[in-house]
Structure formats: structure tokens, C-alpha cells
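Notes follow once the structure below has been shown.
Protein chains: 2
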Amino acid sequence: MIVKNDRQKQKELTKNAILKVAEEIVLQEGWQAVSIRKIAEAIGYSLPVVYNHFENKDAIQEEFVKNGFNMLAMAMQSTKEKYPEPEQQLTQMALTYYDFAFSNSAYYKMMFGLGIPSCQKANEIAEIGNFSAIIIEVISELMGETDKQRKFLKFHTLWSILHGLTSINMVNLTAAPDEMQQQILLDAIHGFIKNINN
Amino acid sequence: MIVKNDRQKQKELTKNAILKVAEEIVLQEGWQAVSIRKIAEAIGYSLPVVYNHFENKDAIQEEFVKNGFNMLAMAMQSTKEKYPEPEQQLTQMALTYYDFAFSNSAYYKMMFGLGIPSCQKANEIAEIGNFSAIIIEVISELMGETDKQRKFLKFHTLWSILHGLTSINMVNLTAAPDEMQQQILLDAIHGFIKNINN
DNA sequence: AGTATAAGTTAACAGTGTTAGCTAAAAGAG
DNA sequence: CTCTTTTAGCTAACACTGTTAACTTATACT
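Sequence order for the protein chains is A and B.
Be aware that the first sequence starts at 72, since it is given in this note's numbering, and climbs by one per residue.
Be aware that the second sequence starts at 72, since it is given in this note's numbering, and climbs by one per residue.
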């Protein structure tokens with residue numbers, strides 16, 4: 072029925088409204104500042120209405136994690152298409168990764184916060200699979216062999232390097248100067264590519 | 072006075088008691104399960120007494136971060152002393168790092184949680200300096216030159232690799248099989264050492 | 001028009017970090 | 001040994017948090 076569609080449409084609308092207002096708070100004050108009450112007030116409904124669209128607060132966070140991985144995957148895919156050579160692609164994609172993390176640090180923190188609630192379910196998030204696939208594709212072109220497991224291993228190594236650099240700078244543990252950071256990243260990627268067939 | 076010493080002694084005693092009970096909760100249920108009320112009840116005092124020893128909850132967490140870095144530094148130093156060759160030392164120290172992170176994951180999460188509260192003050196924590204020094208020492212021996220900045224750069228790269236591997240496995244994002252993980256780590260360290268003079 | 005279903009409400013439960021204000025005990029001075 | 005000052009500790013409260021039960025109102029269907 073048309074009426075039923077209207078209902079569903081309305082439901083999606085308020086669901087989007089919830090995510091939108093949540094994002095505003097996340098970007099301005101971080102995830103810890105998001106509360107169900109703030110969301111409810113902002114969308115003009117009473118508190119329990121939020122629970123009609125999300126089972127709990129963690130479910131909202133999960134949406135941000137998925138969204139974040141999609142954004143990251145799109146950014147890297149777009150960078151990849153700008154360069155012809157795999158080596159160049161990978162290097163530039165690494166810079167894109169780093170850039171994404173700091174331009175969208177609120178998202179990045181939610182995606183990788185070690186206290187992530189859905190820790191067990193993290194490997195079930197499809198969006199991460201898409202992200203992985205994009206990188207593995209480039210790695211494949213750089214590697215002579217085609218052993219799936221070795222490609223996955225190399226992907227895992229690369230991702231670790233990227234995330235490690237990013238997160239250590241993010242918590243500002245070493246306070247490396249700004250101009251040094253890109254150098255470190257390029258140094259690490261260079262080493263990775265040089266060693267990709269070992 | 073002796074009396075004054077007794078007072079101070081008592082104060083330190085309850086401060087240690089607070090940290091001890093906090094650690095118990097952290098190890099069993101994680102940091103998010105720690106509450107000031109639980110601590111107060113466990114040490115047999117009323118709630119505000121905790122605030123006589125720590126300015127706020129974040130101050131307690133900071134203690135864990137410091138402690139964690141000391142434990143990690145000691146473990147790596149101890150491993151280092153077991154091997155004569157720098158290359159061997161670095162490889163084994165990497166394994167120790169990884170092992171520490173998963174044997175003391177509650178500590179590790181507090182040390183590196185991206186939502187770390189004292190984010191700005193993180194570079195002021197002296198314990199991190201000690202930890203850095205131990206690794207930089209080994210790197211120095213592996214590097215021909217002695218440019219301080221380049222050594223720091225290499226240290227930063229290595230730490231990023233270690234932390235990246237660790238934390239990505241910790242949030243279980245890729246679900247790499249267990250036997251693969253050590254291989255990845257060794258692969259990455261091998262690449263790092265091979266490239267250390269580039 | 002009357003009934004079943006869904007939407008939205010208020011109010012409460014069980015927590016959280018943090019602080020103001022009071023009381024009881026110990027320390028220092030006369 | 002008493003009196004005053006300092007300190008230790010307490011109760012109670014504030015302003016929040018996520019989550020849920022129970023009730024009301026409005027919509028849809030027979």
C-alpha cells in the first residue's frame with residue numbers, strides 16, 4: 072500500500088535525522104559527547120523513539136564505523152584512479168589514508184578505538200571487506216606471484232603500518248614534528264614496496 | 072616528625088589500595104567497568120575519599136598508562152639482554168612487544184585507546200621517553216650513521232609497525248589466523264631491518 | 001463506527017563523575 | 001590538660017548517562 076510506504080519512508084527519514092544530528096555532535100565534540108537524550112531533543116521526539124530505530128547506542132556507533140570505512144574506501148579508490156603505476160598508486164593511497172584519518176579524525180577514532188564495543192563482530196562488517204579489496208588489488212599488481220594468502224599477509228602488513236603511523240601520531244605520543252610525519256610514512260611505504268616479493 | 076611520616080605513609084597506602092582494586096577491575100572487566108563508587112566500597116572508604124588521592128578519574132587512568140609503559144619497557148629491556156646481536160635483539164623485542172600487548176591487553180588498550188583523555192599531555196609522560204630510549208639504542212647499533220633525527224624517524228617507523236599490527240589484530244578487523252600473525256610481524260620487522268640504512 | 005496496531009509519551013530504574021557542606025577525630029599551642 | 005585549628009571522613013545532592021516498563025493517543029483495517 073501507498074500508506075505503508077509512507078510509514079517506511081517516514082521511518083527512514085527520522086533514522087537519517089538521528090544519524091545526522093549524531094554526526095554533528097561527533098564532529099564537534101566527539102563520540103563521547105553523544106547522548107540519546109541530546110539526539111531525541113534535536114530530532115524533536117521523546118527519548119525512547121531513538122530506540123525504535125537503533126537497538127542501543129552501540130548500534131549507532133556501528134553505523135559510523137561502516138560509514139567511515141566506506142568514505143575511506145572511496146577516497147582511496149579515487150586516488151588510485153589518478154595514477155597509472157601500481158607503485159605510485161600505493162604510495163599515493165597511503166598518503167590519502169593518512170590524510171583521511173586526520174581530516175576525519177572523529178570518524179577514524181570511532182573506527183579504530185581499541186575499546187570498540189562490537190569487537191567480536193568487527194570481522195563481520197562488510198564495509199571493511201570492500202576497503203581491503205581495493206588495497207589488495209594494488210598489492211596484487213606489485214607482486215609477482217598470486218598466492219592468495221601471501222597477498223593477504225602483505226595487505227595486513229601494509230594496513231598495520233598505515234594504522235600504526237596514524238594512531239601513534241593521533242594520540243601524539245612522540246610529538247614528531249609535522250614535516251617529519253610524511254617523511255616517515257613515505258619511508259615506511261618505500262620499504263614495504265621494496266620488500267614486497269620477499 | 073614521625074607522626075607526619077605515618078600520615079604520609081597511610082596516604083600512600085590507601086593510594087596504592089585504590090590502584091590495586093582498580094587494576095583488579097581493569098583486568099577482569101576493562102577500564103570502562105571501573106567506577107569511583109566501586110573503588111571506594113572496595114577500599115572501605117566513602118566515595119569522596121578517592122578524590123583526596125586522585126583529582127579525577129582520568130588521573131587514575133594516567134597512572135595505568137605510565138605503569139603500562141614501564142612494564143613494556145622492562146619486558147623489552149629484559150629481552151634485549153638475552154641476545155647479543157642487534158638484529159636478533161630487535162626481532163625478539165618486536166615479539167616481546169606483541170606478546171605484551173596481548174598478555175596485558177587491558178593495559179595496552181588504556182595506553183593506546185584513541186579516545187585517550189590526556190591526549191594533549193601524552194607527550195609529557197616521561198615513561199614513554201624511557202621506552203623510546205631502549206628501542207632507539209638498538210636501532211642505533213643497526214644504523215651506520217648517527218644522525219639523531221634519522222634514528223628517531225626509524226624508531227617512529229618501527230613503533231608504528233608494531234602498534235599497527237597489534238591494534239589491528241586487537242580489534243580483530245581482519246580476523247587473520249593466529250599462526251599467520253607472527254609471520255606478518257616477522258615479515259614486517261625483516262623488511263624494516265633490511266631497509267634501515269635507506 | 002469499533003477494534004487492533006503502531007507511534008509516542010511520561011516516569012522511573014540503576015548507574016555514572018563530581019562537589020558542597022557537615023561531623024568527628026587527631027595535632028599543635030598555651 | 002584544655003582549647004583551638006587542621007585534617008579526614010562522611011552524607012547528600014547535582015547533573016548527567018543508557019535503557020525500559022507502562023500508559024496514552026493517533027492511525028489503519030475490518
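Glycine is no exception: its CB is placed at the ideal position from the N, C-alpha and C atoms.
For residue i, return the contacting residues in chain B, with the cut-off set at a CB-CB distance below 7 Å.
| i | result |
| --- | --- |
| methionine 251 (chain A) | Leu224 |
| threonine 228 (chain A) | Ile255, Asp258 and Ala259 |
| isoleucine 239 (chain A) | Trp230, Ser231 and His234 |
Classify residue i as helix, strand or coil using the three-state DSSP reduction.
| i | result |
| --- | --- |
| aspartate 249 (chain B) | helix |
| tyrosine 116 (chain B) | coil |
| valine 242 (chain A) | coil |
| glycine 139 (chain A) | helix |
| valine 105 (chain B) | coil |
| threonine 237 (chain A) | helix |
| isoleucine 264 (chain A) | helix |
| asparagine 269 (chain A) | coil |
| glutamate 152 (chain B) | coil |
| aspartate 258 (chain A) | helix |
| glutamine 81 (chain A) | helix |
Provide the residue span of the alpha helix (DSSP H) that contains residue i, from first to last.
| i | result |
| --- | --- |
| glycine 200 (chain B) | 197-213 |
| glutamate 216 (chain A) | No alpha helix (DSSP H) contains glutamate 216 (chain A), which DSSP labels as neither H nor E. |
| glutamate 156 (chain A) | It is not in any alpha helix (DSSP H) - glutamate 156 (chain A) carries neither H nor E in the DSSP assignment. |
| phenylalanine 125 (chain B) | No alpha helix (DSSP H) holds phenylalanine 125 (chain B); DSSP gives it neither H nor E. |
| serine 176 (chain B) | 176-183 |
Name, please, each residue of chain A whose Cβ falls closer than 9 Å to the Cβ of residue i.
| i | result |
| --- | --- |
| isoleucine 210 (chain B) | Here the premise fails: no neighbours, minimum Cβ distance about 13 Å. |
Counting only Cβ pairs nearer than 8 Å, list the residues of chain A close to residue i.
| i | result |
| --- | --- |
| glycine 139 (chain B) | The premise fails here: glycine 139 (chain B) is roughly 12 Å from chain A at the closest Cβ pair, so nothing lies under 8 Å. |
Taking residue i as the query, report the chain A residues whose CB atoms sit under 7 Å from its CB, ordered along the chain.
| i | result |
| --- | --- |
| lysine 265 (chain B) | Asn266 |
For residue i, return the contacting residues in chain B, with the cut-off set at a CB-CB distance below 9 Å.
| i | result |
| --- | --- |
| isoleucine 232 (chain A) | Thr228, Ser231, Ile232, Gly235, Leu236 and Ala259 |
| glycine 215 (chain A) | The contacting residues do not exist; glycine 215 (chain A) stays about 16 Å from chain B at best. |
Is residue i a contact residue of the ligand ZN, with contact defined as CB to any heavy atom under 6 Å?
| i | result |
| --- | --- |
| tyrosine 169 (chain A) | This structure does not include the ligand ZN; it has no bound ligands of any sort. |
- When Cβ atoms are compared, which residues of the segment 100-115 of chain B fall closer than 8 Å to chain A? Gly101, Trp102 and Gln103
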